[in-house]
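**Student:**
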């Protein structure tokens with residue numbers, strides 16, 4: 004089933020459900036409307052909660068001297084996404100003409116005049132789409148933690164959630180050129196959400212440079228341990244939970260037997276891919292490293308989840324396991340490669356969201372006969388070029404105007420001290436000031 | 004749409020949905036019943052989880068020597084609310100006669116003999132109402148943390164959840180005098196839930212006095228840093244999530260196209276108000292303080308949420324943003340005023356729940372033509388006088404009988420030590436005993 | 004209402020709902036299908052999140068030197084359960100012939116060819132059943148924390164989730180001998196899930212022995228304080244939330260007025276039992292110990308929840324309170340007894356899940372006239388003998404082949420160091436190395 008995330012896209016699904024092979028009696032449009040709307044609201048709630056998952060994962064992955072700062076970034080980026088998607092983003096995505104390149108620059112407001120024909124409440128759809136945009140922004144904050152200043156990050160977040168994400172999403176989910184001409188297929192956003200966040204993060208990491216002391220002049224790579232593994236684990240469990248909403252809700256409809264079956268199959272594939280990602284990293288660590296690296300195992304779950312996101316519906320369960328397992332393997336491979344390239348990604352967001360996002364997108368044609376490798380390739384490249392280029396330009400503009408990086412002394416003392424004036428854990432690290440500690 | 008939270012209030016909504024302008028075919032009463040019940044259960048679950056959000060916010064906001072104690076208070080207060088709303092509270096609210104002042108003093112039990120006419124399962128409604136009562140109790144625990152003893156707090160909680168909250172809720176949601184005579188309008192409880200918690204907390208804070216060392220004799224105000232900003236952030240994210248249930252579930256119906264649209268609009272307004280609250284505090288802190296105060300930003304989210312709670316349905320999205328932004332601004336203003344008044348509110352619950360609760364209630368007539376400023380004023384004053392007076396008397400009675408405040412040495416050592424005999428974090432603060440630390 | 008957790012078990016329920024005394028117009032099979040499926044998905048999501056609840060409870064209950072290790076165990080055991088229930092477990096449970104002893108050893112795949120007759124999507128059912136199996140595995144990890152090595156635990160988890168749990172579940176929920184011959188009644192799994200986890204944990208605890216230093220040679224019992232009470236509290240709140248799905252979803256149907264009422268009643272009874280468990284422990288601690296033991300209060304909530312799980316539908320609310328209160332009392336009694344027996348159960352999982360699981364199962368006939376004490380007794384004993392025996396043999400086999408216990412030096416240093424090479428909290432415990440600290 005080809006998916007478009009369009010306001011009018013559910014009408015065929017509605018007709019389909021009425022004529023379904025399973026149906027004995029028609030579900031009325033009213034009931035379908037309520038089911039579809041409820042799907043958006045419930046699944047949107049757990050996707051919204053992914054903002055909390057990212058916050059906890061990142062708070063647990065930074066050193067304690069930056070823990071409050073990363074919390075502030077995460078709640079504020081969600082707030083910024085909420086406002087920007089209203090003011091600009093939504094209509095940039097869905098105001099695009101068929102085959103077009105960008106929608107309209109106008110604030111969104113709920114319009115339910117054609118509610119039954121649309122098949123769901125306008126606000127429920129807006130909410131569901133908005134939390135996807137916030138997810139992309141959450142990815143960026145993890146990579147750039149512990150050294151980026153607050154306001155440049157907020158400004159970039161406004162650009163990402165108001166324009167960068169929406170423009171490239173309009174190409175596909177808005178029915179623009181990528182969808183119309185190339186039949187690109189990205190069910191819930193391996194590329195459109197996760198690789199977007201990944202490219203923006205990579206551009207930022209290059210513009211910003213690594214954390215002080217991360218790569219020594221004599222070529223050594225220093226491990227900075229995250230300050231709380233339980234918080235990082237909490238974050239990944241929340242993300243895993245949220246992903247049922249992320250992928251399951253992307254069916255965009257629940258008002259028929261067929262849709263209910265599809266959402267259920269998506270749940271199983273999503274869960275299986277994540278589980279396979281976890282187990283793959285556990286096995287690879289055991290065999291190749293002797294000890295098991297918890298942050299990498301956690302990232303294995305995310306890698307599996309990102310990989311299945313481009314097509315969580317069509318794979319058989321064993322195919323979902325395979326897609327997720329390769330995702331886990333890519334985490335294991337890409338993390339040290341990124342370190343070797345001296346790109347400092349605090350939470351491993353680039354391996355998880357960018358590398359596994361591309362993997363998930365490439366592999367779609369194996370299970371979805373409507374997708375083609377050419378179409379997938381065009382989509383991946385278009386997304387890469389656009390998001391990376393605009394992001395890099397934006398980061399460099401910010402760098403050479405207001406500056407993006409904390410002063411060296413502030414980085415030593417921790418951003419909590421310089422930007423918040425308030426420690427994340429005032430009592431636990433008091434006897435051992437952070438700078439000299441974990442480095 | 005005027006809302007009454009009554010057992011029989013859905014009958015008109017049911018009829019309305021059948022005759023809706025949108026409806027092509029009637030949703031049958033059976034299906035409406037299941038949808039309405041499902042709304043109560045799902046939204047009730049996330050509101051229940053707000054008890055966890057308050058626990059985490061408060062655990063992160065106290066000093067580590069009181070972290071276990073505040074956790075104990077929060078899980079126990081939820082348990083007490085569960086029992087008291089069953090034994091007394093529910094029928095005090097909904098057993099009231101039209102225009103009356105108090106319902107009946109009798110335990111609740113599920114009665115589904117008129118299920119279809121009622122429109123939802125009796126137990127689903129009870130569950131949804133009960134978690135609201137628990138929310139009011141959670142507000143109190145935050146303000147009084149670090150110095151109140153366990154049992155007086157539990158006794159007050161029993162009174163609050165069994166009688167104080169239910170009596171004033173009966174005036175409006177039970178169909179009592181405030182609803183019948185003044186047309187007071189409080190959709191999901193800016194006044195009935197949040198200001199109620201806020202007044203009870205304020206009365207307790209006055210009776211109890213500030214934490215030792217908070218206000219010095221030479222007029223200085225000492226900042227006591229919360230022990231874990233990530234936990235406080237986690238708490239606020241959970242509250243934000245729960246608020247979709249709090250406000251969205253207060254539509255009390257999902258079994259029609261109109262209701263599904265209303266719940267969706269409520270989601271968007273709720274989210275937008277919170278986002279505007281966050282951004283307002285971030286901007287105000289940046290402009291006026293130089294550094295950004297994370298606890299205040301977190302409270303900005305809550306302030307925006309509380310403010311929109313009195314009327315989350317009628318505002319346009321820009322109005323919701325404005326209401327939330329003013330809520331954030333009030334947090335910024337009221338927090339130092341409260342400190343100047345030497346009232347010690349550990350988590351800033353009074354600015355968030357009381358001040359923003361009043362603001363949200365006052366502003367309803369701007370977006371809801373059925374509300375009047377007189378009606379709103381009467382409701383706010385009646386709630387204030389009743390809740391504050393009864394609470395203050397109760398606190399004073401407790402103070403001069405069993406006593407409410409921990410002994411000075413116990414407060415120094417932390418309540419974890421004196422009341423639980425068990426530290427919240429036995430390993431992290433062992434080398435640096437708490438009293439001499441964060442003060 | 005007698006419950007079988009069978010693929011074909013809903014057909015009568017479906018017919019029943021059409022002929023319900025409440026029904027004025029029939030809910031069509033399509034709509035029932037969507038409601039039932041939605042119930043499995045939503046409730047399955049919150050049960051899945053219980054894996055996070057267990058992880059947080061256990062992370063907060065271990066000493067900090069084992070915090071990362073227990074997180075790794077918890078996320079990996081959920082992944083293992085996901086894979087094993089697919090590869091073996093599901094068809095072992097539901098492939099059993101009527102009255103039989105074990106199902107078929109074949110991987111599961113979704114089959115929706117008879118979707119409407121079945122009444123729900125195959126994948127939604129699989130997902131809901133799978134998260135139950137994961138719950139049993141989560142119970143084991145808590146008991147054995149701080150001393151078991153990773154890989155033996157993972158191998159046992161694979162056995163438990165692939166065969167041990169599924170075989171005994173097939174006897175009842177698969178329609179095997181226990182259901183067919185004895186009319187054993189266990190609505191949501193006090194015995195089948197919780198006692199199963201408890202017996203497996205007990206067998207492991209005996210095979211493994213207590214933590215070093217827990218029981219001194221001169222007969223003293225040393226208290227090892229958990230490292231983070233807020234995390235433990237977070238975990239229990241998540242479990243409480245998840246239990247609404249655990250018990251409520253076990254109604255297995257939502258597509259009729261009667262089912263919606265049943266799920267609602269289950270919510271209320273579940274919540275009330277937990278609340279009564281909490282309050283009972285608070286009161287007992289106050290009266291008998293002077294100080295209130297937070298971990299025991301938290302366990303009181305779990306004890307109440309486990310106790311009501313065997314029959315959350317039939318009790319009146321006061322009966323649910325009583326069942327939960329006795330559950331809390333059993334926590335208070337059994338915890339010191341277990342310590343006196345020198346069985347080291349880090350999180351108190353055996354009192355909560357085993358003792359209260361048996362209590363909840365025994366008491367069913369008091370509220371459900373279809374259950375008999377003989378049937379309940381046979382079920383409890385069969386479950387006990389089978390699970391304990393197989394588990395004990397498996398643990399001993401692992402013990403005398405690859406070994407199950409960490410080396411003494413590794414236990415001193417903490418498993419985070421020996422098995423992960425990475426501390427849970429690298430900054431907080433640096434100045435005070437863990438071994439000499441909390442012991």
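Protein chains in written order, with the working numbering: chain A, 4 to 442; chain B, 4 to 442; chain C, 4 to 442. Just so you know, even glycine gets a beta-carbon here, dropped at the ideal spot from N, CA and C. Being a predicted model, the structure only gives us computed values, none of them experimental.
1) Under a three-way DSSP split, which group does residue 408 of chain B fall into?
2) Look at the alpha carbon of residue 77 of chain C and the alpha carbon of residue 143 of chain C, and state the distance between them as a whole number of angstroms.
3) Taking the beta carbon of residue 336 of chain C as the centre, do at least 16 other beta carbons fall within 10 Å, making it buried, or is it exposed?
4) Residues of chain B with a CB under 9 Å from the CB of residue 275 of chain C: which are they?
5) Counting along the chain, where does the alpha helix (DSSP H) carrying residue 187 of chain B start and finish?
6) Alpha carbon to alpha carbon, how far is residue 2 of chain A from residue 398 of chain B?
7) Could you give the distance in angstroms between the alpha-carbon of residue 80 of chain C and the alpha-carbon of residue 230 of chain C?
8) Tell me where the alpha helix (DSSP H) around residue 132 of chain B begins and ends.
9) Let's see if you can read the secondary structure: which residues bound the alpha helix (DSSP H) around residue 342 of chain A?
10) For the candidate residues B:383, B:306, B:85 and B:66, whose alpha-carbon lies nearest to that of residue 202 of chain B?
11) My output table needs one value for residue 224 of chain A: the three-state DSSP class, helix, strand or coil.
12) Could you tell me whether the Cβ atoms of residue 207 of chain C and residue 147 of chain C are closer together than 8 Å?
13) Nearest chain C C-beta to residue 249 of chain B closer than 8 Å, yes or no?
14) Hey, is the segment 399 to 413 of chain B in contact with the segment 165 to 179 of chain B, meaning 3+ C-beta pairs nearer than 8 Å?
15) Which of the three DSSP states is assigned to residue 151 of chain C in this structure?
16) Any beta carbon from chain B within less than 8 Å of residue 430 of chain A's own beta carbon?
17) Measuring only between beta-carbons, confirm whether residue 223 of chain B sits less than 8 Å from chain A.
18) Mind checking if residue 27 of chain B is an interface residue toward chain A, Cβ cutoff 8 Å exclusive?
19) Note down, in chain order, every chain A residue with its Cβ under 8 Å from the Cβ of residue 304 of chain B.
20) Check each candidate in B:272, B:319, B:394 and B:293 and name the one with the smallest Cα separation from residue 308 of chain B.
21) Just checking, does the segment 309 to 320 of chain A make contact with the segment 360 to 373 of chain A on the three C-beta pairs under 8 Å criterion?
22) Identify whether residue 403 of chain B lies in helix, strand or coil by the three-state DSSP scheme.
23) Go to residue 108 of chain C, then tell me how far its alpha helix (DSSP H) extends in each direction, as first and last residue.
24) Can you check whether the C-beta of residue 413 of chain A is within less than 8 Å of a C-beta belonging to chain B?
25) Can the beta-carbon of residue 363 of chain A be found less than 8 Å from the beta-carbon of residue 334 of chain A?
26) For residue 93 of chain B, which of helix, strand or coil comes out of DSSP?
27) State the DSSP-derived secondary structure class of residue 81 of chain A, mapped to helix, strand or coil.
28) So residue 275 of chain A is in the alpha helix (DSSP H); what residue range does that whole segment cover?
29) Could you check the C-alpha separation between residue 28 of chain A and residue 40 of chain A for me, to the nearest Å?
30) Any idea what DSSP makes of residue 168 of chain B, helix, strand or coil?
31) Would you check if there are 3 or more beta carbon pairs closer than 8 Å linking the segment 62 to 71 of chain A to the segment 352 to 362 of chain A?
32) Check whether chain C comes within 8 Å of residue 288 of chain B, counting only Cβ atoms and requiring the distance to be less than that.
33) Return the chain-ordered list of same chain residues with a C-beta closer than 7 Å to the C-beta of residue 295 of chain C, the five sequence neighbours on each side being excluded.
34) If you draw a straight line from the alpha carbon of residue 3 of chain A to that of residue 145 of chain A, how long is it in whole angstroms?
35) Does residue 243 of chain C have its Cβ less than 8 Å from a Cβ in chain A?
36) Can you give me, in chain order, the residues of the segment 56 to 80 of chain A that have a beta carbon less than 9 Å from any beta carbon in chain C?
**Tutor:** With the given structure in hand:
1) strand
2) 10 Å
3) exposed
4) 85, 86 and 89
5) Unbroken run through residue 187 of chain B: none, as it is neither H nor E.
6) The structure shown has nothing for residue 2 of chain A, since chain A only spans 4 to 442.
7) 22 Å
8) 125 to 146
9) 320 to 343
10) B:383
11) strand
12) yes
13) no
14) no
15) strand
16) yes
17) no
18) Residue placement at residue 27 of chain B cannot be trusted, given a pLDDT of 43 that sits under 50; what the coordinates show is reported in the next sentence. Interface residue, yes.
19) 78 and 82
20) B:272
21) yes
22) coil
23) Neither: residue 108 of chain C is in no alpha helix (DSSP H) and is coded neither H nor E.
24) no
25) no
26) helix
27) helix
28) 260 to 292
29) With a pLDDT of 48 at residue 28 of chain A, under the threshold of 50, the modelled position of that residue is not reliable, and the figure given next carries that caveat. Cα-Cα distance, rounded: 21 Å.
30) helix
31) no
32) no
33) 285, 288 and 289
34) Outside the shown range of chain A, which is 4 to 442, sits residue 3 of chain A, and nothing can be said about it.
35) no
36) 66, 67 and 68
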